[in-house]
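> The structure follows.
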Amino acid sequence: KFDTANYPQVEGDLAESWIVSPDKLTYTFKLHPNVLFHDGSRLTSEDVKASWERIARPSPGVTSVRRVNYSAIGAIDTPDPLTVVFHLKWPEAAMLQNFASEWNCIYSAAKLKEDPLYPVTHVLGTGAFTFVEHVKGDHWTGRRFDRYFRPGRPYLDSYRADFVTGAKMIQGFKDGRIMAEFRFITPNERDDLVESLGDKLAVYESPTLLNLLVVFNAKHPPYDDARVRRALSLAIDRWGGAEALTQSTVLKFVGGLLRPGFAMATPEAELAKVPGFSRDIAASRAEAKRLLAEAGASGLTVKLTNRDLPMPWIPGGDYVAEAWRAIGLAVDQKKLNLKNWTTALEQGDFDAAIDFIGDYFDDPTLQLTKYVSRDLSPANYSSSTDRYLDALYIGQAVTVDQRERARIVREFERHALTQAYTVPILWYNRIVPTTANVEGWNMTPSQYIGQDLADVWLDR
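If you use the numbering used here, the sequence shown corresponds to residues 2 to 461, in order.
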């Protein structure tokens, strides 16, 4: 897992130690002894193998949206109960960080053999807390696992995660019922809490690995035409949006396919030459109208599928809708709950949709999966097939020379944003409030890491 105190360094979690071969084709992990699942069964290398086979080569009926991240994984060996060996088909520039992903849950091999879909309805892990209950739409609770393999951890006896946002969440802080919002709040909400709680509050702030996207269904005319997709991207005033939305939402940074500020991200001056990222919005919208007319799509009614999440999905979707109306299009925006939105995107039941990228580490192999062909990456909801992008994706993943890798990534970005199957809107700014007595938690650019709470304690 990631060492949040020294991010982005990696430390062992279930792995006690590991060795990487000189050719970077073999990763050998030694597991901690005496690790138990919450049902009392012992973790072995067979559980690790079964879980990773499920990620890299899912069985029929199992969807692994990130399997393209692990295309390099070949054979997985288990020479003894505490050793697991991964053989790669080619060296991966960020393989160790890929192994540290918070998404890579380790499940019981025996349970997976009984039912490959058991993780959908059952919670059984080896972590610091055991599952107590989930009340839909209200809360989730966990209790300290007394047989956790790390001595003395966790410090907390239990935790409760309340499903509240906006005004209710802010009031919960003021009333003393909520001690942390580990995802993000808006600048306006931050200012409100600071004014009310003063030195009883701690606030952390960082650019983050989240951005809001627009995805076009490349199977639905006229969105199968690159001119139409590019026109709709050109119409979005990203620089104006960064100014207009930054105080009332978490949307703040203009960027391409990689997080602004990351070493491989395209510099602003170069990015401004890419369709959709010019600061001259009048010229961009004129070009958008020309492309729509050329494609026979002037006056198009765009059906936009969005989530009903107040922050930042609704303001982001509304901003995009207004941009399209500015070039003479009609927009019918549907705001769906998470389940219906997910179903619509997975089944391709949409024309255009608001989507997002949320990652745990700055690396192109992770962050470009939305743009790789759908048959390789189920995370690509545009259903596009673009073998040029696929070749560039594999090319950058196996390239260890960072200059050459950056060159390949820039070409990937240029082509992807010109074809506009999926395009970024804006990147988030992460603002995290906790009560001042919350200790042992560290801020990172990702809301997905450092959430096991094993090291968190309260200074009373």
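For glycine and all other residues, C-beta sits at the position ideal for the given N, C-alpha and C.
So what's Lys220 in DSSP terms, helix, strand or just coil?
Of the three classes helix, strand and coil, the one that applies to Lys220 here is coil, per DSSP.
> To the nearest angstrom, how far is it from the Cα of Ser207 to the Cα of Glu295?
Straight-line Cα distance between these residues: approximately 43 Å.
> Using only the alpha-carbon positions, how far apart do Glu412 and Phe357 sit?
Straight-line Cα distance between these residues: approximately 22 Å.
> Which runs of the beta strand (DSSP E), 3 residues or longer, sit entirely within the region 45-108?
Within the region 45-108, the complete beta strand (DSSP E) runs of at least 3 residues are 74-81 and 84-89.
> Could you tell me whether any non-hydrogen atom of the ligand FAD is closer than 7 Å to the CB of Tyr382?
The ligand FAD is absent from the structure shown, which contains no ligand whatsoever.
> For the beta strand (DSSP E) that contains Gln334, what are its first and last residues?
Looking at the DSSP string, the run of the beta strand (DSSP E) that includes Gln334 is Ala331 to Leu337.
> Just tell me which of Ser52, Tyr149 and Pro223 has its CA closest to the CA of Ala298.
Ranking Ser52, Tyr149 and Pro223 by Cα distance to Ala298 puts Pro223 first.
> Could you please give the first and the last residue of the uninterrupted beta strand (DSSP E) stretch that includes Val21?
Counting along the chain, the beta strand (DSSP E) containing Val21 begins and ends at Ala16 to Val21.
> Between which two residues does the beta strand (DSSP E) containing Val133 stretch?
Residues Phe130 to Val136.
> Quick one: what does DSSP say Ala227 is sitting in, helix, strand or coil?
In this structure, Ala227 counts as helix in the three-state DSSP scheme.
> Does the beta-carbon of Tyr149 have 16 or more other beta-carbons within 10 angstroms, so that it is buried, or is it exposed?
By the neighbour-count rule (16 or more Cβ atoms within 10 Å), Tyr149 is buried.
> Which stretch, first to last residue, makes up the beta strand (DSSP E) that contains Ile409?
Looking at the DSSP string, Ile409 is not in any beta strand (DSSP E); the run it does join, the alpha helix (DSSP H), is Gln403 to Gln420.
> Quick check on Asp111: buried or exposed, where buried means 16 or more other Cβ atoms within 10 Å of its Cβ?
It is worth fixing the name first, because residue 111 is Ala in this sequence and not Asp. Exposed: under 16 other Cβ atoms inside 10 Å.
> Buried or exposed for Gly41, please, with buried defined as at least 16 other CB atoms from any protein chain shown within 10 angstroms of its CB.
Answer is exposed; the Cβ neighbour count stays below 16.
> Can you list, in chain order, the residues of its chain whose CB lies under 7 Å from that of Thr166, leaving out five sequence neighbours each side?
Correct list, in chain order: Pro311 and Met312.
> Can you grab the Cα-Cα spacing for the pair Lys290 / Ala232, in whole Å?
About 7 Å.
> What does a CB cutoff of less than 6 Å around Ala380 pick up in its chain, not counting 5 residues either side in sequence?
Here the set comprises Val66, Thr370 and Lys371.
> Hey, quick one: how far does the beta strand (DSSP E) through Leu252 stretch, first residue to last?
Per DSSP, Leu252 belongs to the beta strand (DSSP E) from Leu252 to Phe254.
> With a threshold of 16 other CB atoms inside 10 Å of the CB of Leu210, please say whether the residue is buried or exposed.
Result: buried.
> If I'm right that Pro120 touches Gly62 with Cβ under 8 Å, what's the distance once you round it to whole angstroms?
The pair is not a contact, with the Cβ atoms about 12 Å apart (cut-off 8 Å).
> Please list the terminal residues of the continuous alpha helix (DSSP H) segment that includes Phe174.
From DSSP, the alpha helix (DSSP H) with Phe174 extends over Gly167 to Asp176.
> Can you give the Cα-Cα distance for Gln397 and Thr45, rounded to whole angstroms?
C-alpha separation (whole angstroms): 34 Å.
> In terms of residue numbering, what span does the alpha helix (DSSP H) encompassing Ser249 cover?
Per DSSP, Ser249 belongs to no alpha helix (DSSP H) and is neither H nor E.
> Grab me the residues of Asp225's own chain with a C-beta within less than 6 Å of its C-beta, minus the 5 sequence neighbours each way, in chain order.
Closer than 6 Å at the Cβ level, and outside the excluded window around Asp225, lie Ala219.
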